[in-house]
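Before any comments, here is the structure.
Residue numbers (UniProt numbering): 1 to 423.
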């Protein structure tokens, strides 16, 4: 998990207030990327409470047609409000931040899971305060299998939990409504390759009736979309041939009972009500699976500022730990794409990408070149830019009311960097 907390902590300490506003004008994009520079933004103090300010300063949303007809990110700029969540005296423990979290359908509430204690926290994003918490059992008839890899809000006020093989639906009272598992009986063509997980990014449809996951068949260099119909007890594997090269970004070395795995492809599924968006850190390519008619659409945006794919090493046939380290080095300083983020105000998908700056001693403060890409609802590329005034991509982020919210940890307090985009 990569955080921006160091940068935003400095901003808060400078103002000694709960919120401050930083206005940054980003220069026009340059087709030839340059090295990132230290961020020294112009700072303006503003004591107006965020809630009061937002009541009369709504984000200006440019007409969608104008965005499509122009390279609107060419004059991209942004400003940042750093806000903290009032814990209301409750001890909130989120060791992995909001990495395992989900938004309510109205986007007024954020639910974040502490998978160590099986505690689900609810935060009111409009009031910027803790709202509630829900405890789930680890054992017994209503137990949630540990460790929880995936948490997802479903319809009918239900919750989806999943770990390595098991998944189930629960209500907010902690009752188990159903449970199931992914195994070779349901998917006889699934291939277990050493210690590598049999699936990635297991997710549920909004109604809880279908399960989706990604499977890397490393032996045959194939990537598949797995679908399981719970009610009919039917399964299906759909090949994703344009993603097959990503299997060469997985490096495994086994020594006795020890297994060393490095997966730099980082596959993901983002579930929407009517489709699943399939993506990877290693490519700009996107698959769109229609949940209603079962059709699969492939998108291949052609970026001009960065490479569209990571280039795998010559071979991923690993025979030592040092070879895993060397293989990682070959991809570490290439473009890394983040998950696409949907701005429902502008009806546009944004996606960040970053290239780590080459230094001798890498550490959490190491800088990256940061890029922002914009796509229409069909993932046709609309615009792109390099953001010289960011040295890290926003992480654990989502859009709310036309603004980008990115998680920050400020002295163990839950906070957000709220970005307002201007074009």
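Built from N, CA and C at the ideal position, the CB exists for glycine as well.
Buried or exposed (CB count within 10 angstroms, at least 16 for buried), residue i
i	result
residue 232	exposed
residue 217	buried
residue 347	exposed
residue 297	exposed
residue 344	exposed
residue 355	buried
residue 337	buried
residue 104	exposed
residue 169	buried
residue 132	exposed
Own chain, CB closer than 6 angstroms to residue i, minus 5 neighbours either side, in chain order
i	result
residue 271	203
residue 172	134
residue 263	250
residue 93	114
residue 383	71, 72, 73 and 374
residue 307	335
residue 236	227
residue 144	118, 136 and 161
Coil, strand or helix - residue i by DSSP
i	result
residue 330	helix
residue 245	helix
residue 362	coil
residue 325	helix
residue 132	strand
residue 74	helix
residue 282	coil
residue 338	coil
residue 264	coil
residue 395	coil
residue 217	strand
residue 180	strand
residue 200	strand
residue 227	strand
residue 137	coil
Where the beta strand (DSSP E) through residue i begins and ends
i	result
residue 102	101-103
residue 267	267-271
residue 89	Run containing residue 89: none; DSSP gives neither H nor E here.
residue 424	Given that the chain is displayed from residue 1 to residue 423, the structure contains no residue 424 and the question cannot be resolved.
residue 303	Element bounds for residue 303: n/a, residue is neither H nor E.
residue 405	403-410
residue 369	368-375
residue 168	166-171
Residues near residue i by beta carbon distance below 8 angstroms, same chain, minus five either side
i	result
residue 339	268, 270, 279 and 351
Own chain partners of residue i with C-beta closer than 7 angstroms, once the 5 adjacent residues on each side are dropped
i	result
residue 330	313
residue 400	107 and 125
residue 321	253 and 260
residue 342	349 and 399
Original post:
Is the region 72-87 close to the region 362-378, with three or more CB pairs under 8 angstroms?
Top reply: Under the 8 angstroms Cβ criterion, the region 72-87 counts as touching the region 362-378, having at least three qualifying pairs.
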